[in-house]
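Residue numbering for the sequence shown follows the numbering used here, starting at 1477 and increasing by one per position.
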Amino acid sequence: MSSLQKRNGPFVLFRHSRKIFLFLLVGWIGTSFPLAAGLPLRLMADGHQNFMPVRWEDAFKESMIILDRARLERGEILGRIEEKEDGSLSAQTVGLIKARPEECFRVITDYKNYRKIMPYTVESRILRSFLLEGDYEGFPAVDFWTRIRVFGFSTGYLIRIVHLPEPDKQRFRTFWTLVDRPERLAACRDENNRPCVNDLTVNLGAHLLEPFPGNPSYTLHTYTLTIAAEGWLRRSALQWDGAASMKEVTLAMRKVLEKRAPPASEKGDKSHGEK
């Protein structure tokens, strides 16, 4: 059975919009979710140490989407979004990019040009680059500060991103989690020279880049994200926009990479539209 057949779950993007709209109407009930009170500390990295507190399996969600090959080949980006009882939001999008996985990997790890592929980003910079200790000893990582603005709400956070390249398998991965209490780190200042502060209580995610079965010249990009935040207005904005911005990441990667002329062997291929 192919990887396309193994995954299961609903595939239509944003059928939860009505549910999210209702959430906006009743969002004034309560000011925080239980998740914000306890669970996140286990998920957060220590900015003074070089360990990753979570594993790839924690960040990457298997079996969220049925991968419909015909729709993918038409250029559609499939997706699913789930609102959990604890108030967190999990989402996943999957789409094709007309480029090889290693090329896509270079784009998503090019932090100097981060704003080209991450929508609504207004601040971004590497705080430090280092090699991990512990479970992922020797793998490169960055502590990365970024801020987005959605519907007028500014949301900043410091995340630890791990790079897991497997060039022999043409499989490339990154995954991340929040760094705890960035305001305690002297080097972490925002663009207004104020101490960095995490506006999210959970930001756990992953990118998987692998050859598309049957056509390794295309990359199957799977983007998974789990987020939670305090304050109903910010949560509502993130929930309303969450997976839509994830879809835009794949679209932005296409724009960066598909401008290049394809190899001679691919000239007869039909390019993907953006949907």
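Just so you know, even glycine gets a beta-carbon here, dropped at the ideal spot from N, CA and C.
Bear in mind that the values here come from a model prediction, so they are computed numbers and not experimental data.
Buried versus exposed, by CB contacts within 10 Å (16 or more), residue i
| i | result |
| --- | --- |
| Glu1667 | exposed |
| Glu1538 | exposed |
| Lys1723 | buried |
| Leu1498 | Low per-residue confidence applies at Leu1498: pLDDT is 28, beneath 50, and the placement is therefore not dependable, though the value from the model is reported in the following sentence. Per the 10 Å Cβ criterion, exposed. |
| Lys1574 | buried |
| Pro1643 | exposed |
| Ala1617 | buried |
| Asn1674 | buried |
| Gly1514 | Per-residue confidence for Gly1514 stands at a pLDDT of 36, beneath the threshold of 50, marking its modelled position as unreliable; no derived number is given. |
| Asp1656 | buried |
| Arg1531 | exposed |
Sequence-distant residues of its chain with Cβ nearer than 8 angstroms to residue i (five each side left out)
| i | result |
| --- | --- |
| Phe1615 | Leu1607, Leu1608, Val1638, His1639 and Leu1640 |
| Leu1501 | Any reading at Leu1501 must be qualified, since the residue scores a pLDDT of 27, below 50, and its modelled position is unreliable; the value itself is stated next. Result list for Leu1501: empty, nothing under 8 angstroms. |
| Arg1665 | Pro1671 and Cys1672 |
| Pro1577 | Gln1646, Arg1647, Phe1648, Leu1685, Glu1686, Pro1687 and Thr1695 |
| Ala1663 | Leu1603 and Arg1604 |
Sub-8 angstroms separation of residue i and residue j beta-carbons
| i | j | result |
| --- | --- | --- |
| Val1583 | Leu1733 | yes |
| Tyr1612 | Thr1622 | no |
| Leu1696 | Leu1554 | no |
| Arg1591 | Asp1619 | no |
| Gly1610 | Phe1536 | no |
| Leu1548 | Val1678 | no |
| Asp1534 | Leu1680 | yes |
| Ile1593 | Ala1728 | yes |
Own chain residues within Cβ distance below 7 angstroms of residue i, not counting five before or after
| i | result |
| --- | --- |
| Lys1735 | none |
| His1524 | none |
| Ile1624 | Tyr1596, Thr1597, Val1598 and Thr1631 |
| Glu1579 | Leu1733 |
Nonlocal neighbours in the same chain, by C-beta distance under 6 angstroms from residue i, ignoring five residues either side
| i | result |
| --- | --- |
| Phe1581 | Phe1648 and Leu1685 |
| Pro1671 | Glu1659 |
| Pro1529 | Ala1521 |
| Thr1726 | Ile1553, Gly1571 and His1697 |
| Tyr1587 | Ile1602 |
| Ser1605 | Val1618 |
| Lys1560 | none |
| Ser1721 | Pro1595 |
| Leu1661 | Gly1523 |
| Glu1558 | Ser1566 |
| Asn1669 | none |
| Arg1730 | Ile1573 |
| Asn1589 | none |
Taking 8 angstroms as the threshold, find out whether the segment 1698-1707 comes into contact with the segment 1593-1611 through three or more Cβ pairs.
no
Three or more beta-carbon pairs under 8 angstroms between the segment 1685-1702 and the segment 1552-1567, yes or no?
yes
Please confirm if the segment 1681-1691 is in contact with the segment 1646-1666, defined as three or more CB-CB distances below 8 angstroms between the two stretches.
yes
Fully enclosed by the segment 1563-1624, which beta strand (DSSP E) runs are 3 residues long or longer?
1565-1573 and 1597-1607
Which ranges does the alpha helix (DSSP H) cover as unbroken runs of at least 4 residues, wholly within the segment 1648-1719, from first to last along the chain?
With a minimum length of 4 residues, there is no unbroken run of alpha helix (DSSP H) contained wholly in the segment 1648-1719.
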